[in-house]
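**Student:** Here you go, one structure.
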Amino acid sequence: MEMIATNVRKDAAIVVLTGAGISADSGVATFRGPDGLWEGHRVEDVATPEAFASDPVLVHHFYDQRRARLLEVAPNAAHFALARLEHQWAGSVLVVTQNVDDLHERSGSAALVHMHGALNSGWCLACNARFAWSGAMGEGARCPRCGTVGKVRPDIVWFGEMPYEMERIDEAVRACDLFVSIGTSGAVYPAAGLVQTARYVGAHCVELNLDPSQGSIFFHETRLGRAAEIVPAFVDELLAG
Ligand code: APR
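In UniProt numbering, the protein residues as written are 1 to 241.
Written out as structure tokens, the structure reads:
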């Protein structure tokens, strides 16, 4: 289909939704690809409040391993391209990520929402504080604010829990002129429904993904390829447009 994203106004408001696919080229496993299992578990079986209640050791181990993995990976060209877009684009750019890694921050994105939480954040169920967390958490973690031991959980939005900052996200999508979805299968709501809101308000909707997502029909344009290649090219076209 003809590339028309560059016809957007130069001060257009842009919302970018990202998923695991943008971090795949950094070596971070996606959820529903061939490597979509973790130690034989379906992610849906470990990323739930029920799993945490019944087997906190297993769930902490799952997140401790993914948090440790962050130290071994780095942002890729797709992350850096989005940071460049934010800093060089005349209009607003908001990155809404489903990812819990810190690769957007490390590449320079500042206008960023982690709607599914973040691996480098902890949450104390005793005092409800949230705080930076690096290294293993495990069951005996102590809350840095109230000192309670054993009530700290990963600050991750699990299946069945409400994603973070949905009002801010909905407001930004309703006000955007260009909605770009990168590296997500469109399998999980409410993230997967954002393109329908964008379409409803008349935004131009573009999908950049390795394979067509479950929501491809809602996009005006779909470009297939690896994010590390097609996202920088897309950003170059927008900035040169
Ligand atoms: N470049 C671009 N896209 C890629 C690449 C790549 N190198 N590799 C994989 N993809 C695409 C796949 O085609 C797929 O559509 O990224 C998408 C990854 O889909 P999922 O693994 O389902 O990840 P995501 O869409 O982010 O999952 C959403 O589900 O498990 C929950 O909370 C978790 O945030 C996650 C949510």
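Think of the CB as a built atom: it goes at the ideal place given N, C-alpha and C, for glycine as much as any other residue.
Apart from the five residues just before and just after Cys124, which ones in its own chain have a Cβ nearer than 7 Å to its Cβ?
**Tutor:** So the qualifying residues of the chain are Cys143, Arg145, Cys146, Thr148, Lys151, Val152.
**Student:** Shorter than 8 Å, the distance from the beta carbon of Ala228 to the closest heavy atom of the ligand APR, or not?
**Tutor:** Under cutoff, so the answer is yes.
**Student:** For Arg67, is the classification buried or exposed, using 16 other Cβ atoms within 10 angstroms of its Cβ as the cut-off for buried?
**Tutor:** Buried: at least 16 other Cβ atoms inside 10 Å.
**Student:** So, at 8 Å on beta carbons, what are the nonlocal neighbours of Asn120 in its own chain, with the 5 sequence-adjacent residues on each side left out?
**Tutor:** If we look at Asn120 and ignore the five residues flanking it on each side, its Cβ neighbours are Arg67, Leu70, Asp102, Ala132, Trp133, Ser134.
**Student:** Please report how far the alpha carbon of Thr18 lies from the alpha carbon of Phe219, in whole angstroms.
**Tutor:** The alpha-carbon atoms of Thr18 and Phe219 are separated by roughly 15 Å.
**Student:** Just tell me which of Ala81, Leu58, Glu44, Gln65 has its CA closest to the CA of Leu238.
**Tutor:** When each option's Cα is compared against that of Leu238, the closest is Ala81.
**Student:** My output table needs one value for Thr97: the three-state DSSP class, helix, strand or coil.
**Tutor:** Three-state result, Thr97: strand.
**Student:** Hey, which unbroken runs of the beta strand (DSSP E) at 3 residues or more fall wholly within the stretch 174-231?
**Tutor:** Qualifying beta strand (DSSP E) stretches, in chain order: 178-182, 204-209, 221-224.
**Student:** Apart from the five residues on each side of it in sequence, which residues of its chain come closer than 8 Å, Cβ to Cβ, to Pro49?
**Tutor:** Excluding sequence neighbours, Pro49 sits near Trp158, Gly160, Glu161.
**Student:** Using the DSSP secondary-structure output, state which residues sit across from Ile156 in a beta bridge.
**Tutor:** Answer is Gly117.
**Student:** Considering only the alpha carbon of each residue, which of Arg168, Gly108, Ser109, Gln98 lies closest to Ala118?
**Tutor:** Here the closest residue by C-alpha is Gln98.
**Student:** Name the one or two DSSP bridge partners that Trp123 has.
**Tutor:** Note: Trp123 sits in a beta bridge opposite Arg130, Arg153.
**Student:** Can you name, in chain order, every residue of its own chain whose Cβ lies under 6 Å from the Cβ of Ala136, other than the five neighbours on each side?
**Tutor:** Hits under 6 Å: Asp64.
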